[in-house]
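Per the working numbering, residue 8 is the first one in the sequence shown, and the count goes up by one each step. Virtual Cβ for every residue (Gly too), placed ideally from N, Cα, C. Before any comments, here is the structure.
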Amino acid sequence: MTGTIMKGIGGFYYVKCDSGTVFSCRARGRFRKDGQVPMVGDRVEIEITDPEEKEGYVTKIGPRKNQFFRPPVSNIDLLLVTFAISAPEPALELIDKLTVTAVSQGVACAVCINKAELNREKAANLAKEYALADFPVIVCSAKTGEGVDRLKDLLKGKVTALAGSSGVGKSSLLNAMGENFTLKTGAVSDKIQRGKHTTRHTELFPLSFGGFVFDTPGFGSFEVEKMMAQNLSAMFPEIAKHGGQCRFPGCSHITEPDCSVKDALNRGEIGQNRYNSYCALYNSLKDVKDWQL
Ligand SMILES: Nc1nc2c(ncn2[C@@H]2O[C@H](COP(=O)(O)OP(=O)(O)OP(=O)(O)O)[C@@H](O)[C@H]2O)c(=O)[nH]1
Ligand SMILES: [Mg+2]
Ligand SMILES: [Zn+2]
């Protein structure tokens with residue numbers, strides 16, 4: 008039998024077979040030997056050991072079209088990078104590491120700015136920065152319902168993973184999409200304005216209007232895949248677009264004079280926050296040598 012892993016908890020993988028039945032499965036030991044771990048989103052083959060109790064083993068993992076470590080998902084069509092405009096404050100570098108990861112894997116990426124009702128001006132400004140990178144941007148509020156229809160249009164027919172920090176409203180947005188979702192959500196702590204890691208595991212849900220969506224646990228810092236610093240600009244579409252006409256070949260777009268990227272930044276064609284993330288990431292990658300890749 009073949010199916011898709013819908014969630015994984017405590018060594019059990021919940022595999023929805025193409026017939027619709029869900030089996031709870033363990034992974035065969037040899038996966039671990041090969042260093043291969045089943046992921047939510049994987050297409051797998053299973054061997055049923057107990058049809059009554061709906062139990063079995065995952066015996067084979069199908070080829071992945073892509074895989075992410077943060078959030079831990081495979082085989083997605085769209086990474087929906089989600090943040091709140093306030094409470095918690097947007098973690099801009101983390102957000103841009105996510106867009107970089109999607110672009111470097113060739114996976115479509117969109118940006119969802121939630122809790123927009125808390126600061127409309129700031130939401131509009133950040134939306135503009137991501138639009139300059141040609142990412143679809145949804146400004147929305149799970150609380151007021153604004154933007155939720157646009158979100159549904161975006162997700163329709165695709166396999167989408169929501170990704171972002173704890174407390175930004177990923178589960179709330181899914182609940183607001185009017186599905187029969189009753190996902191647990193959790194208040195952001197008063198003092199430090201941080202989420203409380205309410206969602207504990209990644210789960211794949213079917214959407215009534217077509218497509219699937221992963222609700223994922225929020226996470227804090229992570230590192231982008233190692234790459235040569237000079238390749239980073241290709242992962243920022245708006246920087247790549249303006250990077251061809253600099254005076255110096257291999258321009259880092261940070262310190263060199265006559266830089267067409269800095270010109271575009273000054274004309275407002277590249278967002279300042281995006282550029283700041285680019286510089287910070289560039290500096291973290293600049294000691295990477297090609298033999299380390
Ligand atoms: N003001 C406001 N609050 C919201 C909005 N959306 C969600 N919240 C609140 O933000 C808090 C966190 O929401 P969750 O949906 O649990 O956030 P999450 O991203 O799923 O968090 P984790 O599961 O911990 O990763 C809850 O108290 C929600 O009620 C919104 O649009 N506006
Ligand atoms: Mg959640
Ligand atoms: Zn330059």
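- Excluding five sequence positions before and after Ala-236, the CB atoms of its chain that fall closer than 6 Å to its own CB belong to Tyr-289, Leu-292 and Lys-293, given in chain order.
- For Asn-238, there is no enclosing alpha helix (DSSP H), as DSSP marks it with neither H nor E.
- Shortest gap from the CB of Glu-245 to any heavy atom of ligand 3: 7 Å or more.
- The set of residues with any CB-heavy atom separation to ligand 3 below 5 Å comprises, in chain order, Cys-253, Cys-258, His-260, Cys-266 and Val-268.
- Judged by their CB atoms, Gly-15 and His-208 are nearer to each other than the 8 Å cut-off.
- The residues Ile-83, Asp-84 and Phe-219, in chain order, have a CB closer than 6 Å to that of Val-166 in the same chain once the five nearest residues on each side in sequence are set aside.
- The secondary-structure analysis by DSSP pairs Gly-63 across a beta bridge with Cys-32 and Ile-55.
- In the displayed model, Pro-244 falls within a helix according to three-state DSSP.
- Rounded to whole angstroms, the separation of the alpha carbons of Lys-269 and Glu-54 is 58 Å.
- The alpha-carbon of Ala-287 is positioned some 34 Å away from that of Asp-49.
- Put simply, the backbone Cα of Ala-115 is about 11 Å away from that of Leu-105.
- Cβ atoms of Lys-61 and Thr-108 stay farther apart than 8 Å, at about 35 Å.
- The beta carbon of Lys-165 sits no closer than 7 Å to any heavy atom of ligand 2.
- Ala-34 has its CB no nearer than 7 Å to any heavy atom of ligand 1.
- DSSP lists Phe-219 as the bridge partner or partners of Pro-213.
- Rounded to whole angstroms, Ala-117 and Ala-194 show a C-alpha spacing of 25 Å.
- Straight across, the Cα-Cα distance linking Gly-164 with Gly-217 is about 5 Å.
- Scanning the segment 77–121 from its first residue to its last, the whole beta strand (DSSP E) runs of 3-plus residues come out as 85–91 and 115–121.
- For Ala-130, the Cβ stays outside the 7 Å cut-off from all heavy atoms of ligand 1.
- When DSSP assignments are scanned along the segment 159–193, the uninterrupted stretches of alpha helix (DSSP H) that are 4 or more residues long and fall wholly within it turn out to be 177–183.
- Setting aside the 5 residues that flank it on each side, Tyr-285 is surrounded in the same chain by Asp-103, Leu-239, Ser-240, Phe-243, Ile-246 and His-260, each with a C-beta closer than 8 Å to its C-beta; the list follows chain order.
- Rounded to the nearest whole angstrom, the C-alpha separation of Lys-233 and Lys-296 is 10 Å.
- At least 8 Å separates the beta-carbon of Ala-123 from that of Gly-171.
- Beta bridge pairing from DSSP links Ile-16 with Phe-19.
- Under the DSSP definition of a beta bridge, Gln-74 partners with Ser-81.
- In this structure Thr-223 is buried. Its beta-carbon is surrounded by 16 or more other beta-carbon atoms within 10 angstroms.
- The residues Ala-117, Val-118 and Leu-161, in chain order, have a CB closer than 8 Å to that of Pro-143 in the same chain once the five nearest residues on each side in sequence are set aside.
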